[in-house]
Amino acid sequence: MNGSEVESAAFDFNTKIRAAGLRVTTGRLAVLEILARTPHADVEQVVASLKPRAPQTSPQAVYSVLNAFVAAGLVRRIEPDGHPGRYELRVDDNHHHLVCSSCGAVVDVDCTQGAAPCMHPDDTAGYVIDTAEITFWGVCPACQADAA
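Letter by letter, the sequence shown follows residues 701 to 848 of our numbering.
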């Protein structure tokens, strides 16, 4: 992000945090800025990115911020099997994820079939389905190149 993009994002994040009924703090703004730069970051990545700005920030503080954001609908948490929880800002649609089974990289995949919930089970057991959460697994281009 360049200077004007960061300034614009910070304004937008301020608005979003307030609209969610949360207090705007520099820590909360920093976490959203990190997630904007690093989609699908885990807590360790967020803490490491915060170190230059706020070296005293604990993983527990980051968990607290992320949990508040998830509860407020500002951030989505995904949990690929065998990997730590990851966090992303893309919450306004029903998309899926592709995870590299070698390095753990995660990328977004748009819905495979039309609008949410994108997939329909044969038997809903009486549930009204809102979303489908699908994880595709494979080997990313970088790991394929390393293997070759």
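Quick reminder that beta carbons are idealized off the backbone N, C-alpha and C, glycines included.
Could you tell me the distance, in whole angstroms, from the CA atom of SER801 to the CA atom of PRO752?
Cα to Cα, SER801 sits roughly 31 Å from PRO752.
Along the chain, which unbroken stretches of the alpha helix (DSSP H) at least 4 residues long are found entirely within the stretch 752-824?
Taking 4 residues as the shortest admissible run, the stretch 752-824 contains the following complete alpha helix (DSSP H) segments, listed from N- to C-terminal end: 759-772.
Can you give me the Cβ contacts of VAL839 inside the same chain, cut-off strictly under 7 Å, excluding the 5 residues immediately before and after it?
Here the set comprises CYS800, SER801, SER802.
Who does ALA741 pair with in a DSSP beta bridge?
Beta-bridge pairing links ALA741 to TYR787.
For THR835, which three-state DSSP category applies?
In the three-state scheme derived from DSSP, where H, G and I count as helix and E and B as strand, THR835 is classed as strand.
Just how far apart, CA to CA, sit VAL706 and LEU750?
Note that VAL706 has pLDDT 49, beneath the 50 cutoff, so the model's placement of it is unreliable and no number is given.
Separation of GLU779 from GLU853, as counted between CA atoms:
Residue 853 cannot be examined here, being either before or after the span of the chain that is shown, 701 to 848.
Check for me: the alpha helix (DSSP H) holding CYS843 runs from which residue to which?
In the DSSP assignment, CYS843 falls within the alpha helix (DSSP H) that extends over 841-847.
C-beta atoms of VAL762 and VAL747 nearer than 7 Å
The Cβ atoms of VAL762 and VAL747 lie closer than 7 Å to each other.
Cα-Cα separation between VAL644 and ASP810, rounded to whole angstroms:
Coverage of the chain is limited to positions 701 through 848, which leaves residue 644 absent and any answer about it impossible.
Can you tell me whether ILE717 is buried or exposed? The criterion is at least 16 other CB atoms within 10 Å of its CB, across all chains shown.
Label assigned to ILE717: buried.
Work out the CA separation of GLY773 and ASP742 for me, nearest whole Å.
For the pair ASP742 and GLY773, the Cα-to-Cα distance works out to about 17 Å.
Judging by CA-CA distance, which residue of ARG776, ASP792, GLY804, ALA771 is the nearest neighbour of HIS783?
If we check each option's Cα against that of HIS783, GLY804 comes out closest.
Tell me whether VAL828 sits in a helix, a strand or coil according to DSSP, three-state version.
It is coil, neither helix nor strand.
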